[in-house]
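Here's the structure we're looking at; comments come further down.
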DNA sequence: GCCTGATATTTTATACTTGAAACTTTTCCG
DNA sequence: CGGAAAAGTTTCAAGTATAAAATATCAGGC
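Protein chains in written order, with the working numbering: chain A, 1 to 155; chain B, 1001 to 1155.
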């Protein structure tokens, strides 16, 4: 049984502790994924992220849309897409009648390549998060999801 | 009521969904923290992380210890510490009788500066994670903590 | 007293990341 | 129409990040 005083003191730190835990957990998993993507597919996490976003949008995405979705800066996406285009995994074109907007989508090669990576990625995540039961995973997802949508409304 | 079939299908994706949610949540908070650290203290998240680690170790830390604790590469820490030393916030010295090992600790200025940043940081986190109740925060922390320690044992 | 291997860190090359400035194209308004 | 503002993207400089190679030091064995 925790005393009321200790409980209140701990309340002050509960969110900070959660944040530190989120950060460490996410970093540890990212570290592992990065390593596996490099050895198994000779690619990187940012490239995978971009391809995953494009895979969800068969008709393509605008650069700005991509950067907003991935929560990274505009200029950042430019470089990653550039390299993916150079490797023939991504195709750039323009939206009808607007030469400002660039439409980016996976090439056929990109789609094939990504399919293999996505399957491995899903297995890896299931392995790395294995100790978390599906029910617990759903609970945490739900809590984080409501929190984020609330917060996004403020911003 | 969810059917048994739907439940099983969802089980397959629960961990992957959790991972994507963790990633997005962490990125969104990091983004916000980075911006606030820049405007309020003219500093960056990596610099804050290093200073936070050093603040916990008044007697100093070795470079390798620092990089393992922060889950970043060795060479990365070198650059960040270099800039902190240049700004007079961190002091480098050597361990007795071992000129390989560099001991890094906060300077007095660094300790003072960090105290202000840490207080603001704690407030910000409490604000940003506000929608998550302390009990929920404790639950999630606990789940992620056990999972990570289990996983670390494998690696 | 040297050689070998282990330890600790830095250096290097490349890629990622940001915020801000610059650029191009489009839209809107007078 | 003409010009200002807006929209979309890229460029830029600085900093962060990695893995791998290079460097420097230490600890033992011979």
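Don't be surprised by glycine CBs; every beta carbon is placed ideally from N, CA and C.
The CB of residue 41/A never comes closer than 7 Å to any CB in chain B; the least such distance is about 18 Å.
Counting only Cβ-Cβ distances below 9 Å, residue 96/A has no contacts in chain B at all, with the closest Cβ about 31 Å away. Taking all protein chains in view, the Cβ of residue 1094/B is surrounded by fewer than 16 other Cβ atoms within 10 Å, so the residue is classified as exposed. DSSP links residue 102/A through a beta bridge to 94/A. For a cut-off of 8 Å, the C-beta gap from residue 1066/B to residue 1053/B is around 6 Å, short enough to register as a contact.
Excluding its 5 nearest sequence neighbours in each direction, residue 1092/B has C-beta neighbours in its own chain below 8 Å: 1081, 1085, 1102, 1103, 1104, listed in chain order. Residues of chain A whose Cβ lies closer than 8 Å to the Cβ of residue 1102/B do not exist, since the nearest Cβ in that chain is about 23 Å away. Counting only Cβ-Cβ distances below 8 Å, residue 80/A has no contacts in chain B at all, with the closest Cβ about 15 Å away. Residue 1141/B counts as buried, since at least 16 other C-beta atoms from the protein chains shown sit within 10 angstroms of its C-beta.
C-alpha of residue 1121/B to C-alpha of residue 1050/B: approximately 14 Å in a straight line.
Looking at 1017/B, 1123/B, 1134/B, 1062/B, the one whose alpha-carbon comes closest to that of residue 1096/B is 1062/B.
The Cβ atoms of residue 1147/B and residue 132/A lie closer than 8 Å to each other.
With contacts defined as CB atoms closer than 8 Å, residue 1025/B and residue 22/A qualify as a contacting pair. If you check each beta-carbon in the stretch 53 to 70 of chain A against every beta-carbon of chain B, the ones closer than 9 Å belong to 70.
Rounded to whole angstroms, residue 1110/B and residue 1047/B show a C-alpha spacing of 11 Å. Straight through space, the alpha carbons of residue 1042/B and residue 137/A are spaced by roughly 37 Å. Residues of the same chain with a CB within less than 8 Å of the CB of residue 1090/B, apart from the 5 flanking positions on each side, are 1050, 1051, 1054, 1081, 1084, 1104, 1105, 1106, 1107, 1110 in chain order. Here residue 15/A is buried, its C-beta having at least 16 other C-beta atoms within 10 Å. The C-alpha of residue 34/A lies about 21 Å from the C-alpha of residue 1064/B. Interface flag for residue 108/A against chain B is unset, since no Cβ pair is found closer than 8 Å. With fewer than 16 other beta carbons inside 10 angstroms of its own, residue 39/A counts as exposed. CA-CA distance, residue 1112/B to residue 1123/B, rounds to 18 Å. Residue environment: residue 143/A is assigned as buried (16 or more neighbouring CB atoms within 10 Å of its CB, all protein chains considered).
For the pair residue 1018/B and residue 1056/B, the Cα-to-Cα distance works out to about 31 Å. A Cβ of chain B is located within less than 8 Å of the beta carbon of residue 131/A. Counting along the chain, no alpha helix (DSSP H) covers residue 1073/B, and no H or E run does either. Residue pairing for residue 1061/B: DSSP places it in a beta bridge opposite 1104/B. Residue 99/A has its alpha-carbon roughly 44 Å from the corresponding atom of residue 128/A.
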